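Trainee: Residue numbers (my numbering), protein chains in the order written: chain A, 5 to 91; chain B, 2 to 137.
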Amino acid sequence: MTTFLKIRRDLRRGHFKLTIHARERMDDRSIFEGDIINVGLSCFDQFYSKKHESYNFTGYALDERVVTVACDYDNETLIITMFLEGD
Amino acid sequence: MKKTDLKKFAGLEYLTIKDVPIRSSKHGDVIDVNYGKLERMAAKFILQQKIPIRGKEIKLLRSVTRMSMAELGKALGVSANAVMHWEKEGDKRLLPINEMIVRAFFCSELEVEFPKCFDDLKSNLKRAKKILLKAS
Chain A
5 MTTFLKIRRD LRRGHFKLTI HARERMDDRS IFEGDIINVG LSCFDQFYSK KHESYNFTGY
65 ALDERVVTVA CDYDNETLII TMFLEGD
Chain B
2 MKKTDLKKFA GLEYLTIKDV PIRSSKHGDV IDVNYGKLER MAAKFILQQK IPIRGKEIKL
62 LRSVTRMSMA ELGKALGVSA NAVMHWEKEG DKRLLPINEM IVRAFFCSEL EVEFPKCFDD
122 LKSNLKRAKK ILLKAS
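1. Since B:MET42 meets chain A, which of its residues come closer than 7 Å, beta carbon to beta carbon?
2. Under 8 Å between the Cβ atoms of A:GLY38 and A:LEU66?
3. Please state whether DSSP places B:PRO53 in a helix, a strand or coil.
4. If we require 4 or more residues per run, which alpha helix (DSSP H) segments fall completely within the region 65-104 of chain B?
5. Taking its Cβ as the centre, do 16 or more other Cβ atoms sit within 10 Å of A:LEU13, making it buried, or is it exposed?
6. A:THR6 to A:TYR59, Cα distance in whole Å?
7. Establish whether the CB of B:LYS9 and some CB of chain A are separated by less than 8 Å.
8. Quick one: does A:ARG13 have its CB under 8 Å from some CB of chain B?
9. Where does A:GLU89 sit, in a helix, a strand or coil, going by DSSP?
10. Decide if A:MET86 is buried, meaning its Cβ has at least 16 other Cβ atoms within 10 Å, or exposed.
11. Per DSSP, B:LEU134 forms a beta bridge with which residues?
12. Assuming contact is defined by CB atoms lying nearer than 8 Å, are B:ASP30 and B:LYS4 in contact in what I supplied?
13. Taking the alpha carbon of A:ASP49 as the point to measure from, which residue in A:ASN42, A:GLU68, A:GLY63 and A:PHE36 has its own alpha carbon closest?
14. Using the three-state DSSP reduction, which class does B:PHE10 fall into: helix, strand or coil?
15. Under a Cβ-count criterion, where at least 16 other Cβ atoms within 10 Å of its own Cβ denotes burial, should A:ASP51 be classed as buried or exposed?
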């Protein structure tokens, strides 16, 4: 299974944790963990960022806002490192 | 084990969650708690403690139950636009009848006992006062 597919599977299943930075940004923008799962379900774009060493997925929050989630594995645990509103 | 406090949790200006376990990673400090646990704890607390429900609280409650605005609207017998309007007016407390319906629905979804009577909804509080929750 490619890393992208594995991450999408883990996102859909809620098998992830958040960095404090990602949590604070989510709180500022009223994005919640259920929205992250929905991004995994509705993802329409994905790419790897060499600069940030993260896998990025763009999809829809539960209220249909476009959200991009950046994540990476750390010791087998999927970590959400950042999210952005928009694509 | 390292711990931290998360202030203004879920965008709620009155809510701090204390003693949240964290661990280091190459991407910075990670909240070492499984998906949904903290948000669900905050949502249940809001319902159990009869915190005034505004748009901001509805957003959290809706997300914890993984519902879209349309799905919530359908469940409550209102339009998706009505839900969107409530959430857009984030700081405005719902009308008492709407608050009762919203509270009853989410109490059922999250298996929280519904407050006993209307008296709990009669307060003039526009929003909750400062709250501290403990993560562990």
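We treat Cβ as the ideally placed atom computed from N, Cα and C, and that holds for glycine.
All figures in this text were calculated on a predicted structure; none of them were measured in a lab.
Mentor: Looking at the coordinates:
1. Correct list: empty, because the minimum Cβ distance to chain A is about 12 Å.
2. yes
3. coil
4. 70-77 and 81-89
5. Correcting the residue type first, residue 13 of chain A is Arg in the shown sequence and not Leu. Result: exposed.
6. 12 Å
7. yes
8. no
9. strand
10. buried
11. B:ILE18
12. Result no, Cβ atoms of B:ASP30 and B:LYS4 do not sit closer than 8 Å.
13. A:GLY63
14. helix
15. Sequence inspection shows Phe at residue 51 of chain A; the Asp mentioned does not correspond to that position. It is exposed - the Cβ of A:PHE51 has fewer than 16 other Cβ atoms within 10 Å.
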